[in-house]
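Protein chains: 2
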Amino acid sequence: MKSGSNNNPIGIFDSGLGGLTVLKELIRILPSENIIYFGDTARVPYGTKSKNAVRNFSRQITKFLIRHDVKLILVACNTASALALNDIKKIAKKIPVVGVIKSGVRAAVSETVNKKIGIIGTSATIKSESYKSAIKRLGGKIKIIQQPCPLFVPLVEEGWIDSKITEDIAKIYLYPLKKAGCDVVILGCTHYPMIKKIIRQVVGKKIKLIDSAKEVSKDVKKILSNKGLIRMAKSRGNLKFYVSDAPDKFSKLSKIFLGKFISDVKKVDIERY
Amino acid sequence: MKSGSNNNPIGIFDSGLGGLTVLKELIRILPSENIIYFGDTARVPYGTKSKNAVRNFSRQITKFLIRHDVKLILVACNTASALALNDIKKIAKKIPVVGVIKSGVRAAVSETVNKKIGIIGTSATIKSESYKSAIKRLGGKIKIIQQPCPLFVPLVEEGWIDSKITEDIAKIYLYPLKKAGCDVVILGCTHYPMIKKIIRQVVGKKIKLIDSAKEVSKDVKKILSNKGLIRMAKSRGNLKFYVSDAPDKFSKLSKIFLGKFISDVKKVDIERY
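So the protein lines, in turn, are chains A and B. Numbered per the working numbering, the first sequence spans residues 1 to 273. Numbered per the working numbering, the second sequence spans residues 1 to 273.
This is the structure we're talking about:
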C-alpha cells in the first residue's frame with residue numbers, strides 16, 4: 001500500500017475555485033509537499049444544494065483522491081465539511097481527513113474573550129449548524145450568532161472585491177453580528193478571505209476575523225508532523241490540478257485566487273467515481 | 001409511437017427554477033395542456049459552466065423528456081438555448097424543439113424602431129453571442145449592445161426583488177444600454193422577469209422590455225396549432241415536476257416563481273440518461 005509514503009501527495013478538494021485560498025496558504029507553510037487539487041466546477045456551488053447531493057459529490061471526489069494515493073485529505077469546502085465529513089472519513093479509512101470547520105472553530109474559541117462568536121457562510125453551511133455544534137462541543141457557554149451571506153460568492157466571482165456595492169451588502173449582512181457584540185467572526189467560506197478588507201472595514205478593528213484557510217493549514221502541518229509524514233525533500237513539491245468542467249475558466253480565475261496563472265489543469269469525469 | 005398524440009405532454013426544462021416563469025405563462029395561454037417540467041437543480045446554474053458541460057446536461061434531460069413521450073420540447077433555459085439547441089434537436093428528431101432565444105429575438109426585431117437592441121443575460125449566454133447572431137440572421141442592420149448581469153440570478157434567489165441594492169446593481173449593469181440609446185431590451189434570462197419592475201425603473205418608460213417567457217409561449221401555441229397537436233379537452237392539464245436535487249427547496253421556491261406552492265415533485269438521477 002502506497003499511502004503513508006512521505007512523497008505521496010496531500011489531496012485538497014473544493015466545490016470550485018474558493019479552495020485555492022486554502023491551497024495558497026498550504027503551499028506557503030508546506031512548500032515541499034506534493035499536492036493534488038480537485039475543484040468540482042461542473043457542479044459548483046455546493047452552498048445551495050441539498051445535503052444528499054453534497055454527500056454524493058464528496059464521496060465521488062474522495063474516491064478519486066484515494067486513487068491518487070493521497071496521504072491526507074483536506075476538505076477545503078465549508079459546505080462539504082459541514083455536510084459530508086463523516087462520509088468522507090468512512091471512505092478514506094486510515095487516511096487522515098481534515099475539514100476547514102474544526103480548525104476555524106478551535107481558533108475562534110481560543111480567541112474570544114467575551115464569549116460571543118459570529119459565523120458567516122453560505123446558506124447551506126449556516127443551515128447545517130455545523131459550526132454551531134462544533135463550537136458547542138469545544139467551547140462550553142458561548143453565544144453564537146449565525147448569518148448566511150449568499151451574495152458574497154457571486155460578488156467575489158464578479159470581481160467586485162473593492163466595490164461600494166459589496167460594502168453596502170456587507171453592511172446588511174454583518175449588522176446583526178455587530179449589534180450582538182461578537183468579538184470574533186469566523187469567515188466560514190473559502191471565498192470570503194478575498195473580501196476580508198471590506199469585511200474588516202464594516203465590522204471595525206475590534207472584531208477578530210478568523211480565516212479558516214490559515215487555521216486548517218496549520219492543522220495539516222501538525223497532523224503530518226505527528227504521523228511522520230512530512231516530505232523531507234528540499235525541492236518544491238509538485239502541484240496537480242483537476243476539475244470536473246472545462247479547465248480554461250479555472251486557469252483564468254486561478255490568477256485571482258492563487259496569485260498565479262495555472263495552465264496545467266485536467267478535466268475528470270467525476271460522476272464515474 | 002406515442003409522440004404526436006394530442007394528450008401527450010409538453011416537456012419544459014431549465015437549469016433550475018427560473019423556467020417556472022415560462023411555465024406560468026404557458027399554463028396561462030394553454031391551460032388544457034399536460035406538461036412535464038424538469039429543473040436541473042443539482043447542477044444549477046448553467047450560466048457559469050462550459051459549453052460542453054451545458055451540452056452534456058441538455059442531452060441527458062432531452063433523453064429523459066423523450067422517455068415521457070413529450071410532443072414538444074420547450075428549452076426554457078437561455079444558456080441551454082444558446083449553447084445546446086442543435087444537440088437537443090438531433091436527439092429529439094421529429095419532436096419539435098423551441099428555445100427561448102429565437103422567440104425573444106423575433107419580438108425584439110419587430111419592436112425596435114431606432115434599430116438599437118440591448119441584450120442582458122448570464123455570462124455564458126452573452127459570451128455565446130447566440131442572441132447577437134439570431135438578431136443578425138433575422139434583422140438586417142441592427143446595432144446590438146450586450147451586457148452580462150451575473151448578480152441578477154443570486155439577487156432574485158436571495159429574494160431581494162424590491163431592494164435598493166438590486167436597484168444600485170441594475171444601474172451599473174444597465175447604464176451602457178441606456179447610454180447607447182437602445183429602444184428595446186431583451187430580458188435574456190428566465191430569472192429577470194422577477195425584477196422587471198426594478199429594471200423598468202432604471203431604464204425608464206421609453207425602452208420596451210422583451211420578456212422571452214411570453215414570446216416563447218406564444219410560439220409554442222402556434223406550433224402545436226399548426227401541427228394539430230393542441231389538447232382539445234376542456235379540463236385543466238396535468239402538471240408533473242421533476243428535479244435532479246432534493247425536491248423540498250423546489251417546492252418552497254415554486255411559490256415565488258409560479259405563484260403557487262408545488263408539493264408533488266420527484267427527484268431523477270439525471271446523470272444516468
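Cβ atoms here follow ideal geometry from the backbone N, Cα and C, with glycine treated the same way.
Could you tell me the distance, in whole angstroms, from the CA atom of residue 33 (chain A) to the CA atom of residue 230 (chain A)?
In a straight line, the C-alpha of residue 33 (chain A) is about 7 angstroms away from that of residue 230 (chain A).
Can you check DSSP and say which residues form a bridge with residue 13 (chain A)?
In DSSP, residue 13 (chain A) forms a bridge with A:38 and A:75.
Please report the straight-line C-alpha distance between residue 58 (chain A) and residue 150 (chain A), rounded to a whole angstrom.
Taking the straight line joining both Cα atoms gives about 21 angstroms.
DSSP three-state label for residue 6 (chain B), please.
It is coil, neither helix nor strand.
Tell me the rounded alpha-carbon separation between residue 110 (chain B) and residue 272 (chain A).
Straight-line Cα distance between these residues: approximately 48 angstroms.
How big is the Cα-Cα spacing for residue 225 (chain A) and residue 203 (chain A)?
Roughly 36 angstroms between the two C-alpha positions.
Residue from B:90, B:167, B:53 and B:95 whose Cα sits closest to the Cα of residue 71 (chain B)
When only C-alpha atoms are compared, the closest one is B:95.
Inter-residue spacing [alpha-carbon to alpha-carbon] between residue 217 (chain B) and residue 117 (chain B):
So the two alpha carbons sit approximately 21 angstroms from each other.
Coil, strand or helix - residue 216 (chain A) by DSSP:
Correct three-state label for residue 216 (chain A): helix.
When the distance is taken between beta carbons, is residue 182 (chain A) closer than 8 angstroms to residue 135 (chain A)?
Inclusion of residue 135 (chain A) and residue 182 (chain A) in the CB contact set at 8 angstroms is not warranted, their separation being larger than that value.
Can you tell me where the alpha helix (DSSP H) with residue 175 (chain B) in it begins and where it stops?
From DSSP, the alpha helix (DSSP H) with residue 175 (chain B) extends over 164 to 180.
Examine chain A for any beta-carbon lying closer than 8 angstroms to the beta-carbon of residue 270 (chain B), and answer yes or no.
Answer no: the Cβ-Cβ gap between residue 270 (chain B) and chain A never drops below 8 angstroms.
Give the single residue among A:54, A:77 and A:127 whose Cα lies nearest to the Cα of residue 23 (chain A).
Among A:54, A:77 and A:127, the Cα nearest to that of residue 23 (chain A) belongs to A:77.
Is residue 247 (chain B) helix, strand or coil by DSSP?
Residue 247 (chain B) falls in the helix class under three-state DSSP.
Would you tell me roughly how many angstroms separate the C-alpha atoms of residue 163 (chain A) and residue 142 (chain A), rounded to the nearest one?
Distance between the alpha carbons of residue 163 (chain A) and residue 142 (chain A): 34 angstroms.
Selection from B:188, B:21 and B:246 that minimises the alpha carbon distance to residue 260 (chain B):
The shortest CA-to-CA distance from residue 260 (chain B) to any of B:188, B:21 and B:246 is the one to B:21.
When you compare the CB of residue 1 (chain A) with every CB in chain B, is at least one pair closer than 8 angstroms?
Annotation note: pLDDT 40 at residue 1 (chain A) (below 50); position unreliable, coordinate value reported separately. Not an interface residue.
Environment of residue 101 (chain A) [buried if 16+ CB atoms lie within 10 Å]:
Buried, because 16 or more other Cβ atoms sit within 10 Å of the Cβ of residue 101 (chain A).
Look at residue 26 (chain B) and residue 220 (chain B) and say whether their C-beta atoms are less than 8 angstroms apart.
It is a contact, given that the beta carbons lie within the stated cut-off.
At least three beta-carbon pairs within less than 8 angstroms, the segment 34 to 42 of chain B to the segment 10 to 20 of chain B
Two segments are said to touch when three or more pairs of C-beta atoms, one from each, lie closer than 8 angstroms; by this definition the segment 34 to 42 of chain B touches the segment 10 to 20 of chain B.
Would residue 169 (chain A) and residue 155 (chain A) be called neighbours here (beta carbons separated by less than 8 angstroms)?
Against a cut-off of 8 angstroms, the Cβ pair of residue 155 (chain A) and residue 169 (chain A) comes out as a contact.
Output yes or no for whether 8 angstroms exceeds the beta carbon distance between residue 125 (chain B) and residue 79 (chain B).
Yes, they are a contact pair.
So, does the CB of residue 158 (chain A) fall closer than 8 angstroms to a CB anywhere in chain B?
Under the Cβ distance rule, residue 158 (chain A) counts among the residues neighbouring chain B, one pair being separated by less than 8 angstroms.
Report, in whole angstroms, the separation of the C-beta atoms of residue 210 (chain B) and residue 82 (chain B), which I expect to be a contact under 8 angstroms.
The beta-carbon separation of residue 210 (chain B) and residue 82 (chain B), rounded to 16 angstroms, does not stay under the 8 angstroms limit for a contact.
So is residue 130 (chain A) in contact with chain B if we call contact Cβ pairs under 8 angstroms?
No, no contact with chain B.
Once DSSP output is grouped into helix, strand and coil, what is the label at residue 229 (chain B)?
If DSSP states are grouped into helix, strand and coil, residue 229 (chain B) belongs with coil.
With a threshold of 8 angstroms on Cβ separation, who are the neighbours of residue 234 (chain A) within its own chain once the five nearest residues in sequence on each side are excluded?
Excluding sequence neighbours, residue 234 (chain A) sits near 32.
For residue 121 (chain A), count the other beta carbons within 10 Å of its own beta carbon; 16 or more makes it buried, fewer makes it exposed. Which is it?
Here residue 121 (chain A) is buried. Its C-beta has 16 or more other C-beta atoms within 10 Å.
Where does residue 188 (chain A) sit, in a helix, a strand or coil, going by DSSP?
Reduced to three states, the DSSP call for residue 188 (chain A) is coil.
Checking 8 angstroms against the spacing of the C-beta atoms, do residue 66 (chain B) and residue 165 (chain A) come in under that value?
It is not a contact, given that the beta carbons lie outside the stated cut-off.
Have a look at residue 129 (chain B) and residue 148 (chain B) and give me their C-alpha separation to the nearest angstrom.
Their backbone Cα atoms lie some 11 angstroms apart in a straight line.
Considering only residues of the same chain and omitting the five flanking positions on each side of residue 268 (chain A), which have a CB-CB separation below 8 angstroms?
Contacts found: 38, 64, 242, 243 and 244.
Run the CB neighbour count on residue 43 (chain A), radius 10 Å, all protein chains shown included, and call it buried at 16 or more, exposed below.
Residue 43 (chain A) comes out buried.
Tell me the DSSP secondary structure of residue 22 (chain B) in three-state form.
Residue 22 (chain B): helix per DSSP, three-state reduction.
Quick check on the DSSP output: the alpha helix (DSSP H) that includes residue 121 (chain A) runs from which residue to which?
It is not in any alpha helix (DSSP H) - residue 121 (chain A) instead sits in the beta strand (DSSP E) that spans 116 to 121.
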